[in-house]
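J.: Residue numbers (the UniProt record's numbering): 1 to 225.
Below is the structure I would like to discuss, written out as structure tokens.
Put into structure tokens, the structure is as follows:
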């Protein structure tokens, strides 16, 4: 009822109405592998919902966490899946993996996609995925924060966004709580790290602060039959 995808998930696919994102802290590369294996086994052990478009795992380059990203064709299906899984703060280890902890998955919708202006042809395959979460008081506030951040970037850096290695920045807004989740796509970690230090962190400081998050690499994507 599933298969391992031959390619990366398409973040801005038009049929994805909602995504569920979960960050699992693991504290080491060995823990990352165990969490990816356990997460994939858990997904494979269950029937594949018709509305689930893809399920992906990413591992942070600092060895501290695993990020899961599930794309759903409807908001209702995504929210129902969270209720059925009873996601939330876990009392014990995540899926039985010693030392792994999660605060549960969070539902989002994709709000804006900004593409790099220096992408070569053919477009490079992303190798690095910076990801960050920013708490917000509501969906309207989250949308304004994203719009203001991008407007500030354009004012300082210009509209072309011709950053070396930049492929896309995908801005998501939380369903209900209004938090912001940003998942970017870069050709290399080096280029992503330099951009975060030189451009993103100053913009975040100007916007009132915030952690630029962690950088991830793709580990696994499962899709339906």
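Don't be surprised by glycine CBs; every beta carbon is placed ideally from N, CA and C.
Bear in mind that the values here come from a model prediction, so they are computed numbers and not experimental data.
Using a Cβ-Cβ cut-off of 8 Å (strictly less than) and excluding sequence neighbours within five positions of residue 61, which residues of its own chain qualify?
T.: Here residue 61 is taken as the residue at index 61 of the chain shown, counted from 1. Excluding the 5 residues flanking it on each side, residue 61 has same chain C-beta neighbours closer than 8 Å at 128, 189, 214, 215, 216, 217, in chain order.
J.: Using 9 Å as the threshold, is the C-beta distance between residue 102 and residue 25 below it?
T.: Within the chain shown, numbered from 1, the residue matching residue 102 stands at position 102. Within the chain shown, numbered from 1, the residue matching residue 25 stands at position 25. Result yes, Cβ atoms of residue 102 and residue 25 sit closer than 9 Å.
J.: Mark residue 39 as exposed unless 16 or more other C-beta atoms lie within 10 angstroms of its C-beta, in which case mark it buried.
T.: Numbered from 1 along the chain shown, position 39 holds the residue referred to as residue 39. The residue is buried, with at least 16 neighbouring Cβ atoms inside 10 Å.
J.: Please report how far the alpha carbon of residue 20 lies from the alpha carbon of residue 122, in whole angstroms.
T.: Indexing the chain shown from 1 puts residue 20 at position 20. Indexing the chain shown from 1 puts residue 122 at position 122. About 30 Å.
J.: Can you look up residue 184 in the DSSP assignment and give me helix, strand or coil?
T.: Translated into positions along the chain shown, residue 184 becomes position 184. DSSP places residue 184 in strand when its eight states are reduced to three.
J.: Check the C-beta distance from residue 97 over to residue 31 and give it rounded, since I have them as a contact under 8 Å.
T.: Translated into positions along the chain shown, residue 97 becomes position 97. Translated into positions along the chain shown, residue 31 becomes position 31. Yes, they are in contact, since the Cβ atoms of residue 97 and residue 31 sit about 7 Å apart, within 8 Å.
J.: Which of the three DSSP states is assigned to residue 159 in this structure?
T.: What you label residue 159 is simply residue 159 of the chain shown in a count that begins at 1. In the structure shown, residue 159 sits in coil (DSSP, three-state: anything other than H, G, I, E or B).
J.: For residue 206, count neighbouring C-beta atoms within 10 Å of its own C-beta (all shown protein chains included) and say buried if the count is 16 or more, exposed if not.
T.: In the chain shown, the residue the question calls residue 206 occupies position 206. Exposed.
J.: Straight-line CA distance for residue 89 to residue 67?
T.: The count along the chain shown starts at 1 and reaches residue 89 at position 89. The count along the chain shown starts at 1 and reaches residue 67 at position 67. Only weak support is given to the placement of residue 89: the predicted model assigns it a pLDDT of 47, under 50, and the value that follows is read from those uncertain coordinates. Going by the C-alpha atoms only, they are around 16 Å apart.
J.: Shortest alpha-carbon distance to residue 143 belongs to which of 112, 120, 79?
T.: For this step, residue 143 is matched to residue 143 along the chain shown. Considering only alpha carbons, the answer is 112.
J.: By the 10 Å Cβ neighbour count, where 16 or more other Cβ atoms means buried, how is residue 56 classified, buried or exposed?
T.: The residue labelled residue 56 in the question sits at position 56 within the chain shown. Counting Cβ neighbours within 10 Å, residue 56 comes out buried, since at least 16 surround it.
J.: Whole angstroms is fine: what's the gap from residue 203's alpha carbon to residue 194's?
T.: To locate residue 203, count along the chain shown from 1; it is residue 203. To locate residue 194, count along the chain shown from 1; it is residue 194. Roughly 14 Å separates the two Cα atoms.
J.: Decide if residue 185 is buried, meaning its Cβ has at least 16 other Cβ atoms within 10 Å, or exposed.
T.: To locate residue 185, count along the chain shown from 1; it is residue 185. So residue 185 counts as buried.
J.: Restricting to runs no shorter than 3 residues, where is the beta strand (DSSP E) found entirely within the stretch 9-97?
T.: List check, beta strand (DSSP E) in window: 18-25, 52-60, 65-72.
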